[in-house]
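A.B. asks: Following this message is one structure expressed as structure tokens.
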Amino acid sequence: MSKAVDAATRADELRRQLEYHGHRYYVLDDPEISDPEYDALLNELRDLEEENEELRTPDSPTQRIGGQPLDKFHEVPHLQPMLSLANARSEEELAAWVVRSERYLTRQGVEMGDVHFVSEPKIDGLAISLVYEDGVLVRGATRGNGEVGEDVTQNLRTIGAIPLRVEDAPPLLEVRGEIYMPLSAFARLNEQRAAAGEPTFMNPRNSAAGSIRQLDPALAASRPLSMWCYGVGAVEGLEFETHHEWLDWLREHGFRVNRDVEVHDTVEQVVAACEAWQERRDRLDFEIDGVVVKVDELELQRQLGVVGREPRGAVAWKFPPTTATTTLKQVAWNVGRTGHMVPFAVLEPVQVSGVIVKLATLHNEEDLRRKDVRDGDEVIVMRAGDVIPQVVSPTSRAQGSNNRRPPPEPPERCPACDTPTIKPEGSVWTICPNRAGCPGQVFQAVKHFVGAMDIDGIGEENVRRFLAEGLINDSADLYALTSERLSGLEGFGEVSAGNLVAAIEASKEQPFERVLYGLGIPGVGYVNARNLARHMRSMSELMRASDEQLTEVEGIGPIMARTIEETLAEDRTRELVQRFRDYGLKMEEEGPAAPVEGPLAGKTLVLTGTLPNLTREDAIQRVEAAGGKVTGSVSKKTDYVVAGDDPGTKLTKAQELGTEILDEDGLLALLD
Ligand code: IVH
């Protein structure tokens, strides 16, 4: 065989392997090989294509990122219009839609028993059309006005969940679905942006839409997007009788189709499925705003036809609102742990899904500006799951009013210490520069430290009192508290004072990663602290590390690295660290760098839900101390899933895969 043929064969083989493993990773969430192994295959293919230009095909996995930034997006007409959905706002309206569809069809001579319905989550993202010609992705477009969309092919190619090539595809295939940003990825992205002083995104939908409309594909590629497919548009050369058969075909051909889509015979089943989605809504890693119900038989869908822009054969059941409207009495301000001015809304009390809400968060200055809420506005307040209520926006009536107050400005003086606030150059945040001298910042910092070190018995109120009484001035002072000094405080007997001091003393045994987390470096949450501790091994090493070395740590990008380096170089951080060291807190990582021996050596566990006694951090620590590894998602490689209260979809996945499921006691038994 000639060298050229060799290279072509190998390139083809690599492409198939990369497609297979990409599908396992992005679509099935069940990788078989590690990231470095995947990268090695990709690099080999890249090298081959580098040497043999003619081997570089547009559907090659190396071509996901690579296009040049565009000046603007081009418009593309859709092969078939992208329609909208009629809404049903209650179970009654949904049931009425089912009855109406059946009655309409009966008039056309269709037997009732012949109608089935499919229920699917209504993903709150943005609608996309993907066109495949002879199995190769040739174009991807946004919905636009339904007739004409924008050509965002370059950006869509960067999304791992979108196949670039489809085996055994018909000559023409248009796949439709929703692009979204997973909630966990959204939270991480905003955390990083806030730490870097960049504006944060309002919600996952906006950040997905903003990412898809980036003119530079490299930027789009850096945003963690995914896609759920929910149907087809124009097709030539393949036909099915039902919608669910199409979904099955798409799933089998590499597209990401939700596994919880169901087919139903009766209204009762449809309603029950909608309720089930509503119930599990808060546990999903993506936002849904309802359930889409579709007539399964495609011929019947055609007979039902379209009214205006809405097909009669489908309906969107919208979840009841978790929002309410009330008056914003005033935007007030707090100071955060790192000195940022934090706005919050003082509201005319209002009931939101069963709870009276008087205060709501406005996150930060940027959020406040973007929402453009003003004192006295009528505003929409939202509560979702357990999260703190938030102000969504002013109502349109408030926005249209012509005697609105001016936009609220961050305070000129810190609400906690009265120091004049400043806005550092290039930053979008106003801060109190008084740092160590600002009681508000000190309070937040100590509260964070107590939580990080898991010191039992010191609640928010005690932190406030100790500071107010002058018993402590910072986190390190906690270690100088004695039971004599505490028992002088009202409400503290000898016993409770003794217990508290013992709890503080016991926290000295907490591992280095917790001490580091407790330091409260901006942007360094528990997971980052753990990775830093594992990688750097000690505080001294960490303090010596350049920001370049810091970026070698998992999860630490260049901007975060700079913040870490700067914070650690500050005198006050150095002093605090020195005092922690003097009090005997751990400054060295004792945990494993490599897998350790132990009852869980070589085992992979996934945690889901709330355990009765152990916090998540405790559970991770114990598993790792026993040689095990905790990962975020369930796959065939998962040995155990530990499930607590309110487990998420991870439990369902484990049940599907037949993974062994443990409760807290089961986990503890394994550790012994
Ligand atoms: S079917 C005739 N299925 O909802 C419209 N749409 O309100 C065909 N959406 O523009 C759409 N999840 O962006 C369908 N499972 C799902 C969906 C879904 C979200 C969005 C889609 C559409 C909008 C219609």
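Heads up, the sequence shown is in this note's numbering, so the first residue is 182 and it goes up one at a time. We treat Cβ as the ideally placed atom computed from N, Cα and C, and that holds for glycine.
(1) Are the stretch 476-496 and the stretch 291-305 in contact at 8 Å, needing three or more beta carbon pairs?
(2) Please report how far the alpha carbon of L918 lies from the alpha carbon of E213, in whole angstroms.
(3) Our contact map puts V279 next to V448 with C-beta atoms below 8 Å; I'd like the distance itself, whole angstroms only.
(4) At the 8 Å Cβ level, is I801 part of the contact set with chain B, yes or no?
(5) Leaving aside the five residues before and after P492 along the sequence, list all residues of the same chain whose C-beta is less than 6 Å from its C-beta, in chain order.
(6) Among residues of its own chain, excluding the 5 on either side of A824, which ones have a beta-carbon nearer than 7 Å to its beta-carbon?
(7) I want to check one thing, is the minimum distance from the CB of Y411 to the heavy atoms of the ligand IVH below 7 Å?
(8) Would you say A402 and T323 are within 8 Å of each other, going by their C-beta atoms?
(9) How is the beta strand (DSSP E) around D470 delimited, first residue to last?
(10) Using the Cα positions of P793 and E234, report the straight-line distance between them to the nearest angstrom.
(11) If you draw a straight line from the C-alpha of E547 to the C-alpha of L713, how long is it?
(12) To which residues of the same chain is R657 closer than 7 Å at the C-beta, ignoring the five residues directly before and after it?
(13) Excluding sequence positions up to five away, which residues of its chain have a Cβ less than 8 Å from the Cβ of Q261?
(14) Measure the beta-carbon distance from P620 to L648 and round it to whole angstroms, keeping in mind my assumption that it falls under 8 Å.
(15) Just to confirm the assignment, what range does the alpha helix (DSSP H) spanning L168 have?
(16) Whose CA, out of V676, V186 and N336, lies closest to the CA of V319?
(17) With R346 and G316 assumed to form a contact (beta carbons below 8 Å), what rounded beta-carbon distance in angstroms separates them?
(18) Could you check which residue in L400, V452 and M741 has the C-alpha nearest to that of A375?
(19) In angstroms, rounded to a whole number, what distance separates the CA positions of R715 and E798?
(20) Would you check if the stretch 673-689 and the stretch 635-645 touch, i.e. whether three or more CB-CB distances between them fall below 8 Å?
(21) For the ligand ATP, I want to know if V473 counts as a neighbour, meaning its beta carbon is within less than 7 Å of at least one of the ligand's heavy atoms.
(22) Can the beta-carbon of E771 be found closer than 8 Å to that of P692?
(23) Which full runs of the alpha helix (DSSP H) of 4+ residues lie inside the stretch 747-784, going along the chain?
(24) Applying the 10 Å Cβ sphere with the 16-neighbour rule, what's the burial state of E805?
(25) For Y707, report the span of its alpha helix (DSSP H) as first-last.
(26) Whose C-beta lies closer than 7 Å to the C-beta of E690 among residues of the same chain, with five residues either side of it excluded?
(27) Do G557 and R586 have their C-beta atoms closer together than 8 Å?
(28) What residue range is occupied by the uninterrupted alpha helix (DSSP H) comprising L428?
(29) Please report the distance separating the alpha-carbon of V554 from that of Y285.
(30) Given the structure, does L266 come close to the ligand IVH, in the sense that its CB is under 7 Å from one of the ligand's heavy atoms?
(31) Hey, could you find the ends of the beta strand (DSSP E) I360 is sitting in?
(32) Identify whether S388 lies in helix, strand or coil by the three-state DSSP scheme.
(33) Count Cβ pairs between the stretch 691-705 and the stretch 742-752 that sit closer than 8 Å; are there 3 or more?
(34) In this structure, how does DSSP classify E529 when only helix, strand and coil are distinguished?
(35) In the DSSP assignment, what residue or residues form a beta bridge with W514?
(36) With a threshold of 8 Å, are at least 3 pairs of Cβ atoms found where one atom belongs to the stretch 202-219 and the other to the stretch 808-820?
C.D. replies: On the basis of the supplied data:
(1) yes
(2) What is shown of the chain runs 182 to 853, which leaves residue 918 out entirely.
(3) As a first step, residue 279 must be located in the sequence shown, where it is residue number 98. As a first step, residue 448 must be located in the sequence shown, where it is residue number 267. The Cβ separation is near 5 Å, so the contact holds.
(4) You won't find chain B in this structure, because it holds only one protein chain.
(5) Here the question's residue 492 lines up with position 311 in the sequence shown. For P492, where only same-chain residues beyond five positions count, the Cβ hits under 6 Å are L264.
(6) As a first step, residue 824 must be located in the sequence shown, where it is residue number 643. Cβ within range, chain order: T789, G790, L832, I842 and D844.
(7) To locate residue 411, count along the sequence shown from 1; it is residue 230. Y411: yes, Cβ under 7 Å from the ligand IVH.
(8) Counted from its first residue, the sequence shown places residue 402 at position 221. Counted from its first residue, the sequence shown places residue 323 at position 142. Not a contact, by the Cβ cut-off of 8 Å.
(9) As a first step, residue 470 is located in the sequence shown; it is residue number 289 there, counting from the start. From DSSP, the beta strand (DSSP E) with D470 extends over I469 to V476.
(10) Translated into positions along the sequence shown, residue 793 becomes position 612. Translated into positions along the sequence shown, residue 234 becomes position 53. Distance between the alpha carbons of P793 and E234: 59 Å.
(11) The residue labelled residue 547 in the question sits at position 366 within the sequence shown. The residue labelled residue 713 in the question sits at position 532 within the sequence shown. In a straight line, the C-alpha of E547 is about 29 Å away from that of L713.
(12) Residue 657 sits at position 476 when you count from the first residue of the sequence shown. Checking the displayed sequence, the identity of residue 657 turns out to be Ala instead of Arg. L757, R760, F761 and Y764, listed in sequence order.
(13) Numbered from its first residue, the sequence shown carries residue 261 at position 80. Cβ neighbours of Q261 beyond the five flanking positions: E355, G414 and A415.
(14) Residue numbering aside, residue 620 sits at position 439 when the sequence shown is read from its first letter. Residue numbering aside, residue 648 sits at position 467 when the sequence shown is read from its first letter. The pair is a contact, with the Cβ atoms about 6 Å apart (cut-off 8 Å).
(15) Outside the shown range of the chain, which is 182 to 853, sits residue 168, and nothing can be said about it.
(16) For the purposes of this step, residue 319 is identified with residue 138 of the sequence shown, where counting begins at 1. When V676, V186 and N336 are compared, the shortest CA-CA separation from V319 is found for N336.
(17) As a first step, residue 346 must be located in the sequence shown, where it is residue number 165. As a first step, residue 316 must be located in the sequence shown, where it is residue number 135. At roughly 6 Å, the Cβ-Cβ gap stays under 8 Å, so R346 and G316 are in contact.
(18) Locating residue 375 in the sequence shown gives position 194, counting from the first residue. Closest in alpha carbon position to A375, among L400, V452 and M741, is M741.
(19) Mapped onto the sequence shown, residue 715 falls at position 534. Mapped onto the sequence shown, residue 798 falls at position 617. Computed Cα separation, rounded: 15 Å.
(20) yes
(21) Inclusion of the ligand ATP in the displayed structure is not the case, the ligand content consisting of the ligand IVH alone.
(22) Against the sequence shown, residue 771 aligns to sequence position 590. Against the sequence shown, residue 692 aligns to sequence position 511. Cβ atoms of E771 and P692: closer than 8 Å.
(23) The stretch 747-784 is shown to contain whole alpha helix (DSSP H) runs of 4 or more residues at 752-763, in chain order.
(24) The sequence position of residue 805 within the sequence shown is 624, counting from 1. It counts as buried.
(25) To locate residue 707, count along the sequence shown from 1; it is residue 526. Y707 -> alpha helix (DSSP H) spans Y707 to M717.
(26) Taking the sequence shown and counting its residues from 1, the one referred to as residue 690 is at position 509. Hits under 7 Å: none found.
(27) Against the sequence shown, residue 557 aligns to sequence position 376. Against the sequence shown, residue 586 aligns to sequence position 405. Cβ atoms of G557 and R586: closer than 8 Å.
(28) Looking up residue 428 in the sequence shown gives position 247. Note, L428: alpha helix (DSSP H), H424 to E433.
(29) Against the sequence shown, residue 554 aligns to sequence position 373. Against the sequence shown, residue 285 aligns to sequence position 104. If I take the Cα positions, the gap works out to 47 Å.
(30) Your numbering for residue 266 matches position 85 in the sequence shown. Under cutoff, so the answer is yes.
(31) The residue you call residue 360 lines up with position 179 of the sequence shown. Element bounds for I360: L353 to Y361.
(32) For the purposes of this step, residue 388 is taken as the residue at position 207 of the sequence shown. Looking at S388 - three-state DSSP - the assignment turns out to be helix.
(33) yes
(34) Along the sequence shown, one-based indexing puts residue 529 at 348. DSSP places E529 in strand when its eight states are reduced to three.
(35) In the sequence shown, counting from the first residue as 1, residue 514 sits at position 333. According to DSSP, which records beta bridges pairwise, W514 is partnered with P524.
(36) yes
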